[in-house]
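Q: In terms of UniProt numbering, the sequence shown has 140 at position 140, counting the first letter as 1, and numbering is strictly consecutive.
From the three backbone atoms N, C-alpha and C, an ideal C-beta is built for every residue, glycine too.
Sharing a structure with you now.
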Amino acid sequence: MSKLLTLTIDVGNGTLIRDVQLWDMDGEEQRNGKTYQCKVMGTIDMKRLPLWVRKGKEYTCFSHSNSTGSYFRSRLAKRRHADRAVVLELPNEALGHELAVLYRTISHGLLSVKCSALDFSMRQVLDRQLHDAWEVSTEGPRDRSIDAIVARKQRQRTASTIRVSTSMRVAEYKRQFSARLSGCILGALRLRGLEKEPEFHQIYKMTFASAEFAFRRELSESRDPVAFETIQETVETLMKLFTKS
């Protein structure tokens with residue numbers, strides 16, 4: 001076995017996990033593994049990966065960091081995480097591709113975290129083939145019009161799968177916003193001594209829903225993160241309205 005490289009992963013909200021070592025269990029020569037910076041893009045269900053996405057070589061993750069171990073246990077070790085994968089965006093030179101996944105495997109009762117690059121080259125080949133088929137069918141004789149219809153349907157299906165990465169980014173944006181908003185609301189309720197009051201949950205839900213509505217444009221565009229101070233000011237305004245304090 002040989003060490004390939006080490007990752008430092010930005011998991012969001014300014015939190016980094018370090019010393020994520022990728023080891024080639026079949027490798028014989030020790031390599032001078034570099035350290036690469038990468039970030040979490042979201043999570044996916046491995047069973048729902050498009051057929052044209054191929055996994056690269058599988059590497060085993062090791063780490064001496066307690067915080068890294070805690071992160072993997074919270075994201076991948078539970079029974080409901082059997083098919084979950086954490087998607088990473090990393091430099092192309094690290095594994096030869098810009099996206100990779102961290103996922104779990106269980107062998108002989110032992111849980112391991114694995115890492116594989118995602119290879120999208122087949123999609124590019126399919127795109128070219130569909131493009132060529134579309135041009136031939138539209139320029140060909142009338143009796144080949146069925147080819148044009150099939151090609152168009154295939155192109156539509158392929159285009160829908162390309163939106164997977166965009167959906168992941170939007171989901172991560174909304175997750176981070178919801179976490180900041182929830183923290184602000186809970187803090188405001190505690191400051192007012194309402195955490196043990198019967199109307200606690202009702203006020204929390206009303207404030208959360210109203211704040212989401214106030215930032216509906218930002219959430220729909222999913223571009224620059226909403227500043228913490230802006231969320232806090234909105235929550236305070238809503239608290240004054242709902243609690244008269």
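#1: Could you give the DSSP three-state label for residue 180: helix, strand or coil?
#2: How would you call residue 142, buried or exposed, if buried means at least 16 neighbouring beta carbons within 10 angstroms?
#3: By the 10 Å Cβ neighbour count, where 16 or more other Cβ atoms means buried, how is residue 40 classified, buried or exposed?
#4: Closer than 7 Å by C-beta to residue 94: which residues in its own chain qualify, once you throw out the five before and the five after it? Chain order, please.
#5: If you drop the 5 nearest sequence neighbours on each side, which residues of the same chain put their C-beta closer than 8 Å to that of residue 77?
#6: Could you give the distance in angstroms between the alpha-carbon of residue 191 and the alpha-carbon of residue 13?
#7: Count the other C-beta atoms from every protein chain shown that fall within 10 angstroms of the C-beta of residue 235, then say buried if there are 16 or more, exposed otherwise.
#8: Find out if the Cβ-Cβ distance for the pair residue 22, residue 59 is shorter than 8 Å.
#9: Between residue 96 and residue 179, what straight-line distance do the alpha-carbon atoms span, to the nearest angstrom?
#10: Can you name, in chain order, every residue of its own chain whose Cβ lies under 8 Å from the Cβ of residue 172, other than the five neighbours on each side?
#11: Using DSSP with H/G/I as helix, E/B as strand and the rest coil, what is residue 70?
#12: Can you tell me which residues form a DSSP beta bridge with residue 62?
A: In brief:
#1: helix
#2: Low local confidence applies: a pLDDT of 44 at residue 142 is under 50, so the model's placement there is unreliable, with the coordinate-based value given in what follows. Per the 10 Å Cβ criterion, exposed.
#3: buried
#4: 5, 36
#5: 104, 111
#6: 23 Å
#7: buried
#8: yes
#9: 33 Å
#10: 12, 40, 41, 42
#11: helix
#12: 21
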